[in-house]
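For the record, the sequence lines run as chains A and B.
When you line the first sequence up against our numbering, it's residues 1 to 296, in that order.
When you line the second sequence up against our numbering, it's residues 1001 to 1223, in that order.
Note that the Cβ used here is the ideal one computed from N, Cα and C, for glycine as well.
Here's the structure we're looking at; comments come further down.
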Amino acid sequence: MLQSVGWVLLSVFLIISVGISFPLLNNILEASHWWSFPGCLIIIIVLDVYRKDKLFLRTIFRDHKTLLVYLAVEYTLVTMPIWLYQLFNNLETAFIVLMSCWLVAWLSRYFTNREHTSTKKTLKFIPLSLFELKFFIERNPISWSLFWLTGVTSMIHIGIYIFWMFILLMSIPELFRYYESRDMLHWKNGFVFDKIRKYTTVFFLITLVHTLTAFFFHTDMYLVVLYLNLCLFSAIILNIVMKYAGYSPLFHAGAVSNINGILTIIMLFPGGVIITIGYSMWKYFEAEKNLKTFYA
Amino acid sequence: MLKLTDIHFSFGSKVILSGLSIDFNPGQVTGIVGKNGVGKTTLFRIMSGIYKLQQGKITNNEKTLQPSDISFMPTEPYFYPYMKGEEYLDIVANSAEEKKLSQSYAKSLELPLNELVDNYSTGMRKKLAFSALFALSRPVIILDEPYNGVDLESNEMIKHIIHTHHTDKIVILSSHILSTVTDISQQIYHITEGGMVSLFLSDQFSDLEKRLMLDVQARKSAI
C-alpha cells in the first residue's frame, strides 16, 4: 500500500487520523501511554519485514551504519504523529518510541525477505481458490502466525485488539492489489459477489476468536469492536470491488490503488465507513459490468 | 469454421486494421506473419475479447465467438506474484483431465514446477503459459510469438505438441522466424500495413519466403 499511496500522503493521513483518534481513544480506553511503545514497535517491524526495497537499499548503502541511520530516520518520520503527540503529554514515552525506531533499524538486517528465494513453503490448508490470501500469507507464514496469535492476547487490553484490527485493515489493499492473468480468472455470472462472499466468510473465521475474546473480556467496548469489524468487512468488499472495476488483462496491478488506500484509511475516522460502503456499492455494478466486457 | 469478417480497428486516428477478413479451419494450424506493428497482436487481442471489436464480425460455426472459447497466450505472459508453477497449472485448469495434461506438457518441457514463477526466465514463463493454455479444452488456441526466448530443444517440443495434440482445434500462431511457422502450419496469412492480408497454403510457402526476401533486398539496397 505504501508504494501506491505514497509516503507523503500516508504521513498526512497518519498525522490527521492519529491527531483525532489518539485523544478519542485515550478517552474511550483510558489506556496507559506506555501502549504507544509496543504499538509503534509492531507497526515498524511489519513495515520493515514487508518493504520491497531492502535489496536495493543494500546496494546503495554498502556499510551497515549508514543504512541503519537511513532506516532509523525513515521510521522516525513514520512514527512522527505518535511520538509528537507523546512529546507534549509524556516525554519519556516519546523517547522510548524514538528508541524503538533505532532498535528496528538495527534489527532490519535480520528480517530477511522471502521474495528472493526460488521456492516457498506451501500452506495446503488455504485452498487455491483463495490465491490472493494464500500467496500473501505464504510470503511470511511465521510472521502471520505470530500476528494471528498476538491478536488473541486482546483479553489483556482492548488496545491490542484495536491495533491488531488496524494492521489487518491496512493489509487489505495490498492483498487485492495484483490482477490475476486472463486465464486464471474463471468468470461466471456474479463472479464479484461470489468472491466477496468467500473472502468475508474466511475473514469472519480468521477474526472470530479475536472478536469473541474482545466481546467477552471487554463487554463495555462492544461498539468499538463492532465498528472495527464493520471497517474490516467494508475494506474487503471495497478492495475486491475496486480490483475488478479496474481490471484489465493487459495490466498487472490496479491503477486505482490510491483511492483504495485513501478510502481504507478514511474508515478510521468515526463514521468514515459510510463513505466506503456507499462507494463500494456503486463500484460493485461497475466491476460486474467490466468483467462481462472481457469474459461474457 | 472461425470467420473474421470486415474487421476494422483503430487507436484514435491511427488505423490498425481496415476491412480484414480471414478464415480458420478446425484441425488446422494457421500462421500469422507480418512486420512489427502491422496489427498481429491487436488482432489477437480483439479475438480474445481484450479489445472491443469496433466494426466487423467474428463467428465460430455461425455463432458469435465468445472469449471463453479462446486460449490466448500473449507475447509476454503475466503471472500472479509469489506463485509456483504447479499452482498456476492448478488454477488455470478447469478439470482434472486438463490439469493432468498441462502437467505432462510442462514435464516434457522440463519446467521446475515446484519453483516460484517469479524466478523463471522468459523462456520458462512462455513454456509454463503454453503448457497451461494448450491443455484447455477450448476450440481456439492463439499463441502470440510462442517461440520467443525459448531454447532450441523446447522449441522442437512445442512444435511437436502443437503438431500432435491440436486434433480438432483451431491453432493460430504468430512468429517472426518464418521457419518456425512453416514447419507446422497448413496455411499462413501474411498481414501488411492497414490489415491487408495474403493467404499462402503449404505448397506456396516458398513464394511467401521469396516475397519477404524481396522486401529485405529492396531495403538493403536503399541503405
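In the displayed model, residue 1093(B) falls within coil according to three-state DSSP, outside both helix and strand. When the alpha-carbon of residue 1082(B) is set against those of 37(A), 121(A), 220(A) and 125(A), the nearest one is in 121(A). Residue 1117(B) is outside the set of residues whose beta carbon lies under 7 Å from a beta carbon in chain A.
Taking CB atoms only, residue 1105(B) has no neighbour in chain A less than 7 Å away.
A straight-line Cα-Cα distance of about 9 Å links residue 1016(B) and residue 1043(B).
Across the stretch 227-257 of chain A, CB contacts with chain B closer than 7 Å involve 249, 250 and 252, in sequence order along the chain. Restricting attention to beta strand (DSSP E) runs no shorter than 3 residues, the stretch 1076-1164 of chain B encloses them at 1140-1144, ordered along the chain. When 1011(B), 1003(B) and 1029(B) are compared, the shortest CA-CA separation from residue 1201(B) is found for 1029(B).
Contact between residue 1144(B) and residue 1067(B) does not hold, since the beta-carbon distance rounds to 15 Å and is not under 8 Å.
For residue 1044(B), none of the residues of chain A pass the 9 Å Cβ criterion, the least Cβ distance being about 12 Å.
Residue nearest to residue 107(A) within the set 46(A), 171(A) and 205(A) is 46(A) (criterion: CA-CA distance). The three-state reading of DSSP puts residue 1019(B) in strand, counting E and B together.
Of the candidates 215(A), 75(A) and 235(A), the residue whose Cα lies closest to the Cα of residue 273(A) is 235(A). Only those residues of the stretch 1055-1079 of chain B whose C-beta falls short of 9 Å from the nearest C-beta of chain A are listed: 1066, 1067, 1068, 1071, 1072, 1073, 1074, 1077, 1078 and 1079. Within chain A, no residue has its CB atom less than 7 Å from the CB of residue 1140(B), the nearest being about 13 Å off. According to DSSP, residue 1071(B) shares a beta bridge with 1141(B).
Here DSSP, grouped into helix, strand and coil, assigns residue 283(A) to helix.
In this structure, residue 290(A) sits near residue 245(A), with a CB-CB distance shorter than 7 Å. With its beta carbon less than 7 Å from one in chain B, residue 178(A) belongs to the interface.
Under DSSP, residue 1200(B) shares a beta bridge with 1188(B). Residue 1141(B) and residue 81(A) have their alpha carbons spaced roughly 56 Å apart. Closest in C-alpha terms to residue 1135(B), from the list 1115(B), 1156(B), 1187(B) and 1107(B), comes 1107(B). DSSP places residue 159(A) within a helical segment (H, G or I) once states are collapsed to three.
Contact between residue 143(A) and residue 49(A) is confirmed by a C-beta separation of about 6 Å, below the 8 Å threshold. Between residue 1040(B) and residue 1191(B) the beta-carbon gap is near 6 Å, inside 8 Å, which marks them as a contact.
The stretch 1051-1068 of chain B and the stretch 1088-1106 of chain B do not touch, with fewer than three beta-carbon pairs separated by less than 8 Å. Residue pairing by DSSP puts residue 1029(B) in a beta bridge opposite 1171(B).
Residue 1133(B) reaches chain A at 183, counting residues in chain order whose Cβ is nearer than 7 Å. Within the stretch 132-199 of chain A, complete alpha helix (DSSP H) segments of at least 4 residues are found at 141-152 and 158-175, given in chain order. DSSP places residue 54(A) within a helical segment (H, G or I) once states are collapsed to three.
Residue pairing of residue 1058(B) in beta bridges, as defined by DSSP: 1004(B). When the alpha-carbon of residue 1121(B) is set against those of 1157(B), 1078(B) and 1019(B), the nearest one is in 1078(B). Among the residues facing chain A, residue 1083(B) is included, as its CB has a counterpart in that chain under 7 Å away. When DSSP states are grouped into helix, strand and coil, residue 211(A) belongs to the helix group. Leaving aside the five residues that flank residue 102(A) on each side, the residues in its chain whose CB is nearer than 6 Å to its CB run, in chain order, 72. A straight line joining the alpha-carbon of residue 190(A) with that of residue 178(A) spans about 20 Å.
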